[in-house]
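Q: Right, I'll just put the structure down here and ask away after.
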Amino acid sequence: MKILAIYFAALLFAVHVLFFSSPSHASSCNGPCQTLDDCDGQLICINGRCNDDPEVGTHVCGHSPPSPSGGGCQPYGTMQCHGKSYPKYDCSPPVTSSTRATLTNNDFSKGGGPSECDDRYHKNSELIVALSTGWYAGGTRCENTIRITSTKTGRSVLAKVVDECDSRNGCDSEHDNQPPCMNDIVDGSDAVWHALGLDIEVGLEDVVWSMA
1 MKILAIYFAA LLFAVHVLFF SSPSHASSCN GPCQTLDDCD GQLICINGRC
51 NDDPEVGTHV CGHSPPSPSG GGCQPYGTMQ CHGKSYPKYD CSPPVTSSTR
101 ATLTNNDFSK GGGPSECDDR YHKNSELIVA LSTGWYAGGT RCENTIRITS
151 TKTGRSVLAK VVDECDSRNG CDSEHDNQPP CMNDIVDGSD AVWHALGLDI
201 EVGLEDVVWS MA
């Protein structure tokens, strides 16, 4: 009887772990994501993590969406684009000697409008970038050189700022029908990706950057 009691207790514990300890809907909060499809329910992807939509006012997560580098930069609303909701920002995390960012790839030679800094199109063989709205800072970083380092390969490259990666607007011809940029984007040319030894097809890579 004692052996049966021990067996029965172990069975009950296994059932409890299986059915009551599995992740709930709220477990998606702060989970990793790249697109809105990666998040459950009304959660949206903000800075690579699933969080409440500040415009809808959901409180599944019970806290404000985190900023990747602090600084209190939060979205001020969302934009509907291609049937999905994207956060809008007018700020970016503070710039330091090693500012964390997400590297994306941009075609500077066609698509949307010309570069904001010089009203020109550029060759993708140039070492150039666009910065999220907050880092672009109203054009004050135009023509400045920044140093970008890949956290994957350890390689660094110097690139010139020529454009804004708009974090407030999108989904129109001026923005090549693309949604607003996140607030931590360094949008690099093909040449930047090649110099860092990264595969453009991956689409997103972690980097750090600073003013050169």
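Going letter by letter, the sequence shown gives residues 1 to 212 in this note's numbering. Virtual Cβ for every residue (Gly too), placed ideally from N, Cα, C.
(1) Going by DSSP, which residues form a beta bridge with Asn105?
(2) Under a three-way DSSP split, which group does Thr149 fall into?
(3) Can you tell me the Cβ-Cβ gap for Ser115 and His122, rounded? I've got them flagged as a contact below 8 angstroms.
(4) Do Arg147 and Ser210 count as a contact pair if the criterion is CB distance below 8 angstroms?
(5) Taking its Cβ as the centre, do 16 or more other Cβ atoms sit within 10 Å of Ser125, making it buried, or is it exposed?
(6) Which residues does DSSP list as the beta-bridge partners of Arg100?
(7) Going by CA-CA distance only, name the one from Val129, Ala137, Cys81 and Met79 that's closest to Pro94.
(8) Are there 16 or more other CB atoms within 10 angstroms of the CB of Leu103, so buried, or fewer, so exposed?
(9) Following the continuous alpha helix (DSSP H) through Gly134, name the residue where it begins and the one where it ends.
A: Let's see:
(1) Gly188
(2) Thr149 falls in the strand class under three-state DSSP.
(3) 6 angstroms
(4) yes
(5) exposed
(6) In the DSSP secondary-structure assignment, Arg100 is bridged to Val208.
(7) Ala137 is the residue among Val129, Ala137, Cys81 and Met79 whose C-alpha sits nearest the C-alpha of Pro94.
(8) buried
(9) Thr133 to Tyr136
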